[in-house]
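Protein chains in written order, with numbering that gives the first Met the number 0: chain A, 0 to 595; chain B, 0 to 145. Backbone N, C-alpha and C define an ideal beta-carbon position, used for all residues, glycine too.
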Amino acid sequence: MSNNFSLNRLSIQQRLTLLICTLLLSAIVIYGFANYYSLKKASLTIASDRIGLLTTQISTMFGQSAQAVTKLEYATATQNSVVQCVKSGGKDFRKEALAELDKLHTDSTWVSIELLDQNLVPVLRSDKALVNVNVDTKAVLAFTHVGPDSSKVGKIYKVGDSMYYPVIATVVDKGRTIGYVMCWQMLRVAPKAVAQFTQLIGTGTRLYIANTDGSLWTNLIKPVAAPFKINSMGEPIEYTGPDGLMIAKVQPVPNTGWLTAIAFSEQNILEGVNSFMKWILIFGLLLTAIGIFAAWAMSRNITRPLSQLTRAAKAVSQGNYSSPKFIDVNRNDELGELAIAFNIMTAEVHHTWQNLDNKVKERTLQLERVNKELEAFSYSVSHDLRTPLRAVSGYSIMLKEDYEDKLDAEGKRIIGNIISNARMMGKLIDDLLAFSRLGKKELTSTKVDMQLLAISVVNELLQENLEKDYKINIGILPPIEADPGMVKQVLMNLLSNAIKYSSKKAEPEIEIGSEDEETRTIYYVKDNGVGFDMAYAGKLFGVFQRLHSQEEFEGTGVGLALVKRIIDKHNGEVWADGKENIGAAFYFSLPKKTIV
Amino acid sequence: MNDDRVEILLVEDNPHDAEMTIRALKKSNLANRLIHVKDGAEALDFIFSRGVFSERSTDNKPKVILLDIKMPKVDGIEVLRQIKSNENTKTIPVVIMTSSKEEQDIITSYNLGVNSYVVKPVDFEGFAKAVSELGFYWLITNQYTD
Chain A
0 MSNNFSLNRL SIQQRLTLLI CTLLLSAIVI YGFANYYSLK KASLTIASDR
50 IGLLTTQIST MFGQSAQAVT KLEYATATQN SVVQCVKSGG KDFRKEALAE
100 LDKLHTDSTW VSIELLDQNL VPVLRSDKAL VNVNVDTKAV LAFTHVGPDS
150 SKVGKIYKVG DSMYYPVIAT VVDKGRTIGY VMCWQMLRVA PKAVAQFTQL
200 IGTGTRLYIA NTDGSLWTNL IKPVAAPFKI NSMGEPIEYT GPDGLMIAKV
250 QPVPNTGWLT AIAFSEQNIL EGVNSFMKWI LIFGLLLTAI GIFAAWAMSR
300 NITRPLSQLT RAAKAVSQGN YSSPKFIDVN RNDELGELAI AFNIMTAEVH
350 HTWQNLDNKV KERTLQLERV NKELEAFSYS VSHDLRTPLR AVSGYSIMLK
400 EDYEDKLDAE GKRIIGNIIS NARMMGKLID DLLAFSRLGK KELTSTKVDM
450 QLLAISVVNE LLQENLEKDY KINIGILPPI EADPGMVKQV LMNLLSNAIK
500 YSSKKAEPEI EIGSEDEETR TIYYVKDNGV GFDMAYAGKL FGVFQRLHSQ
550 EEFEGTGVGL ALVKRIIDKH NGEVWADGKE NIGAAFYFSL PKKTIV
Chain B
0 MNDDRVEILL VEDNPHDAEM TIRALKKSNL ANRLIHVKDG AEALDFIFSR
50 GVFSERSTDN KPKVILLDIK MPKVDGIEVL RQIKSNENTK TIPVVIMTSS
100 KEEQDIITSY NLGVNSYVVK PVDFEGFAKA VSELGFYWLI TNQYTD
């Protein structure tokens with residue numbers, strides 16, 4: 000894994016905290032968003048329903064007042080004086096008809112009240128309303144189709160800064176339209192009233208009245224640009240206004256060419272939802288913080304005894320058995336059980352260690368005592384045995400020197416045997432001492448040039464054995480880390496053996512060589528001498544073990560034992576290969592890295 | 000040169016070793032002025048002219064002392080220590096002759112200033128050879144200056 004961050008690197012405490020923190024955060028996020036969306040939807044639905052209701056109510060309200068006005072005007076249009084006046088082209092009943100028209104002027108919003116004939120020529124005009132609304136009457140009637148015996152409110156027209164709408168009623172004579180009562184009413188609502196009204200239906204809400212053909216839009220104070228396109232009635236319409244996203248509903252006003260529209264800002268509706276979300280977030284963060292702290296405390300509760308255990312286990316693993324560290328974990332859960340088990344184990348280890356330690360100390364003392372005895376023994380051998388032996392040897396020689404002429408042949412033979420045996424015993428003692436002293440000797444390790452060493456040993460030995468022409472072959476001998484004095488002793492013993500045991504051959508041949516292995520180097524000394532029976536190969540390296548008699552070949556039987564002891568000390572191996580009367584090969588291996 | 004002058008002081012408790020040493024030295028004509036004492040205490044008496052040797056002049060120093068190590072009463076190491084720590088006697092050559100090949104004995108002897116250390120060979124021929132070589136070296140080759 001090339002990834003630098005890995006969960007495995009975190010401690011249990013960190014991991015637990017992270018896990019709990021993640022769980023808490025995701026729970027809060029999921030809960031928060033789910034609630035947010037359902038609340039938002041509910042809020043929007045409620046708001047939408049509310050404005051639907053409001054638009055319906057307001058259109059109904061407007062429709063009812065329009066109906067009242069049209070009823071009034073229809074009543075005027077059906078007055079006999081009005082009918083007769085139109086019929087006569089304004090000649091008859093003029094005064095009565097005018098009185099009827101004047102009655103329509105109930106307030107100042109009625110700006111124009113006229114009686115038209117069927118060609119739309121004014122026949123009579125109320126003096127109370129004197130504003131001339133400059134709108135093409137023909138177009139008005141074309142749009143607001145008023146059938147016989149009916150009355151209608153037309154669409155709103157903008158004249159200058161003011162807005163007017165027509166209220167038209169037909170004048171009928173014998174089922175035929177002969178003229179119209181044509182009134183203009185001003186659309187005027189006080190801004191304060193509008194503000195109060197919008198406040199009532201909700202802050203940020205807008206109320207519009209518009210013509211159904213979309214030709215004019217007003218906020219009841221002044222004409223305004225169309226805020227949106229009308230696609231359908233009753234269905235919510237979404238559009239983007241100056242205050243952001245808006246939702247609107249539209250309803251036609253009955254008996255008129257109008258419609259009402261109420262729009263509300265989504266932001267206002269969602270204000271509550273957003274503040275809910277804000278609180279959820281604050282609450283969530285707070286909860287997470289508490290969660291992190293709780294998780295940290297909880298995992299600490301778990302990991303503290305664990306790290307206590309780890310410390311104690313480390314102390315034991317580092318070999319501190321002498322002063323056991325018991326863990327004080329006072330709890331009843333799994334960790335408590337683990338701690339108890341650990342403490343029992345530590346006590347057991349400590350106990351075992353103490354036993355072992357005592358045993359080792361006891362054995363060491365015993366060994367030291369035995370070693371001291373051995374040392375005393377070897378000193379005694381070296382000093383006390385040598386002295387009488389020297390006397391035996393010395394007096395025999397003195398006897399031989401001083402009384403040789405008085406001894407017969409048998410006496411001379413006997414004295415000769417005493418002398419040679421004393422010499423042999425001296426050699427045995429010296430070899431034995433060398434062998435036992437080796438056990439005490441410390442190894443020193445340096446790089447030994449085996450090639451040079453072999454050459455010098457061969458030369459040294461050939462000096463002592465001049466009586467025969469030995470053919471000695473020295474192959475390539477790689478250097479090795481070893482104790483130079485001891486390795487010299489090994490080569491000396493093996494080579495002198497090779498010379499000794501091949502001395503009776505006509506053409507004695509000796510070969511020294513090596514084999515290289517991965518971890519060790521094997522050196523060997525081969526000769527074409529008397530060899531040995533492989534059946535006795537196991538005895539070769541024992542102390543005082545000999546395969547030949549003293550008459551055949553002189554020797555003490557210590558040489559090969561010494562070789563084995565030296566190579567053992569170097570962590571090497573010794574072995575031999577031989578065949579009777581053919582020759583022998585002695586091998587020893589030394590590790591390439593000597594552990595001293 | 001004084002005729003009484005002792006040339007070799009042999010300190011040896013073992014009579015056989017002493018006999019053989021004297022015989023070897025005699026063969027080489029080196030035993031003419033040899034004194035043999037049987038332990039360290041006697042040796043010290045002789046060297047420092049005490050006890051039975053109180054009549055002796057301390058100026059009459061031996062040319063060489065052949066000293067055994069393992070002896071009753073006072074051992075050779077102690078004798079060596081006293082000889083080498085005395086201004087008067089420290090110039091006398093001392094040769095340790097012992098059966099012991101113990102490294103500790105050898106190291107102690109050299110630390111105390113022994114002039115030679117010889118391990119007595121077990122066989123008589125070797126022993127005789129070693130003794131006569133020693134005698135020649137210390138009595139003839141190495142001239143003793145007073």
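Under the rule that 16 or more other beta-carbon atoms within 10 Å means buried, what is residue i, buried or exposed?
i                 : result
Gln-198 (chain A) : exposed
Asp-145 (chain B) : With a pLDDT of 43 at Asp-145 (chain B), under the threshold of 50, the modelled position of that residue is not reliable, and no figure is offered here.
His-144 (chain A) : exposed
Lys-578 (chain A) : exposed
Ile-594 (chain A) : Only weak support is given to the placement of Ile-594 (chain A): the predicted model assigns it a pLDDT of 47, under 50, and the question is left unresolved by the model.
Ala-558 (chain A) : Sequence inspection shows Gly at residue 558 (chain A); the Ala mentioned does not correspond to that position. Answer is buried; the Cβ neighbour count reaches 16.
Leu-219 (chain A) : buried
Trp-278 (chain A) : exposed
Ser-321 (chain A) : exposed
Met-181 (chain A) : buried
Lys-62 (chain B)  : buried
Tyr-30 (chain A)  : exposed
Ser-56 (chain B)  : exposed
Val-82 (chain A)  : buried
Phe-585 (chain A) : buried
Met-60 (chain A)  : exposed
Val-130 (chain B) : buried
Phe-531 (chain A) : buried
Met-533 (chain A) : exposed
Thr-302 (chain A) : buried
Ala-17 (chain B)  : buried
Glu-506 (chain A) : exposed
Ser-150 (chain A) : buried
List the DSSP bridge partners of residue i.
i                 : result
Ser-513 (chain A) : A:Tyr-522
Glu-113 (chain A) : A:Arg-124 and A:Met-181
Trp-352 (chain A) : DSSP lists no partner for Trp-352 (chain A).
Pro-222 (chain A) : A:Thr-217
Ile-167 (chain A) : A:Lys-151 and A:Met-181
Leu-539 (chain A) : In DSSP, Leu-539 (chain A) forms no bridge with anything.
Met-162 (chain A) : A:Lys-157
Val-94 (chain B)  : B:Leu-65 and B:Ser-115
Gly-240 (chain A) : A:Gly-243
Taking the alpha-carbon of residue i as reference, which of the options has the nearest alpha-carbon?
i                 : options                                       : result
Pro-235 (chain A) : A:Asn-254, A:Lys-221 and A:Ser-264            : A:Ser-264
Ile-46 (chain B)  : B:Lys-25, B:Pro-14 and B:Val-10               : B:Val-10
Ser-377 (chain A) : B:Val-117, B:Leu-138 and B:Ser-99             : B:Ser-99
Pro-222 (chain A) : A:Cys-20, A:Met-185, A:Lys-446 and A:Trp-574  : A:Met-185
Asn-472 (chain A) : A:Ile-454, A:Gly-484 and A:Leu-460            : A:Ile-454
Arg-49 (chain A)  : A:Thr-518, A:Val-249 and A:Asn-342            : A:Val-249
Leu-373 (chain A) : A:Lys-439, A:His-350 and A:Ser-395            : A:Lys-439
Lys-568 (chain A) : A:Leu-384, A:Pro-477, A:Ser-444 and A:Ile-27  : A:Ser-444
Leu-539 (chain A) : A:Val-193, A:Asn-527, A:Thr-555 and A:Ala-224 : A:Thr-555
Ile-45 (chain A)  : A:Asn-7, A:Gly-271 and A:Leu-284              : A:Gly-271
Met-681 (chain A) : A:Asp-407, A:Asp-212 and A:Lys-487            : Residue coverage of chain A in this structure runs from 0 to 595, which leaves residue 681 (chain A) outside it and unanswerable.
Asp-135 (chain A) : A:Ser-306, A:Gly-146, A:Val-120 and A:Arg-124 : A:Val-120
Asp-116 (chain A) : A:Ala-168, A:Leu-308 and A:Ala-575            : A:Ala-168
Ser-274 (chain A) : A:Thr-520, A:Lys-39, A:Ile-581 and A:Val-524  : A:Lys-39
Leu-43 (chain A)  : A:His-104, A:Glu-237 and A:Lys-86             : A:Glu-237
(message) Contact between the stretch 385 to 402 of chain A and the stretch 422 to 430 of chain A is defined here as three or more beta-carbon pairs at a separation below 8 Å; is this criterion met?
(response) Because the criterion of three Cβ pairs below 8 Å is met, the stretch 385 to 402 of chain A and the stretch 422 to 430 of chain A touch.
(message) Below 8 Å, how does it come out for the stretch 485 to 504 of chain A and the stretch 457 to 476 of chain A: are there three or more Cβ pairs, yes or no?
(response) With the cut-off at 8 Å, the stretch 485 to 504 of chain A and the stretch 457 to 476 of chain A touch.
(request) Answer yes if the stretch 284 to 296 of chain A comes into contact with the stretch 86 to 99 of chain A, meaning at least three C-beta pairs across the two stretches below 8 Å, and no otherwise. (result) Three or more Cβ pairs closer than 8 Å define a contact, and the stretch 86 to 99 of chain A falls short of that threshold against the stretch 284 to 296 of chain A.
(message) When you compare the stretch 31 to 46 of chain A with the stretch 172 to 189 of chain A, are there three or more beta-carbon pairs, one atom per stretch, that lie closer than 8 Å?
(response) No contact exists between the stretch 31 to 46 of chain A and the stretch 172 to 189 of chain A.
(request) Please determine if the stretch 30 to 50 of chain B and the stretch 6 to 22 of chain B are in contact, where contact requires at least 3 C-beta pairs separated by less than 8 Å. (result) Yes, the stretch 30 to 50 of chain B is in contact with the stretch 6 to 22 of chain B.
(message) Quick check: the stretch 9 to 17 of chain A against the stretch 292 to 302 of chain A, are at least 3 beta-carbon pairs closer than 8 Å?
(response) A contact is defined here as three or more CB-CB pairs under 8 Å, and the stretch 292 to 302 of chain A meets this definition with respect to the stretch 9 to 17 of chain A.
(message) Quick test of the definition: if touching needs 3 or more C-beta pairs under 8 Å, does the stretch 312 to 321 of chain A touch the stretch 342 to 355 of chain A?
(response) Result yes; three or more Cβ-Cβ pairs closer than 8 Å.
(message) Using a Cβ distance threshold of 8 Å, determine whether the stretch 71 to 78 of chain A contacts the stretch 153 to 162 of chain A, with at least three qualifying pairs required.
(response) Fewer than three beta-carbon pairs drawn from the stretch 71 to 78 of chain A and the stretch 153 to 162 of chain A are found closer than 8 Å, and the two stretches are therefore not classed as touching.
(request) Anything in the stretch 82 to 101 of chain B with a Cβ closer than 7 Å to a Cβ of chain A? List those residues in chain order, please. (result) Taking 7 Å as the upper bound on Cβ-Cβ separation, chain A lies near residues Ser-98, Ser-99, Lys-100 and Glu-101 of the stretch 82 to 101 of chain B.
(request) Evaluate the contact criterion for the stretch 199 to 210 of chain A versus the stretch 251 to 267 of chain A: three or more CB pairs, one atom per stretch, below 8 Å. (result) Of all C-beta pairs linking the stretch 199 to 210 of chain A to the stretch 251 to 267 of chain A, three or more are shorter than 8 Å, placing the two stretches in contact.
(message) If contact is defined by three or more beta carbon pairs under 8 Å, each pair taking one atom from either stretch, is the stretch 225 to 232 of chain A in contact with the stretch 168 to 182 of chain A?
(response) In short, these stretches do not touch, since the Cβ pair count stays below three.
(request) Could you list the residues in the stretch 1 to 21 of chain B with a C-beta less than 7 Å from some C-beta on chain A, going in chain order? (result) Listed by position, the residues of the stretch 1 to 21 of chain B near chain A (Cβ gap below 7 Å) are Asn-13, His-15, Asp-16 and Met-19.
(request) Would you list, in chain order, the members of the stretch 124 to 137 of chain B that have their beta-carbon closer than 9 Å to a beta-carbon of chain A? (result) Those residues of the stretch 124 to 137 of chain B that come within reach of chain A (Cβ to Cβ, closer than 9 Å) are Glu-124, Gly-125, Phe-126 and Ala-127.
(message) Please identify, using Cβ separations under 8 Å, the residues of the stretch 61 to 75 of chain B that lie next to chain A, in order along the chain.
(response) Listed in sequence order: Lys-69.
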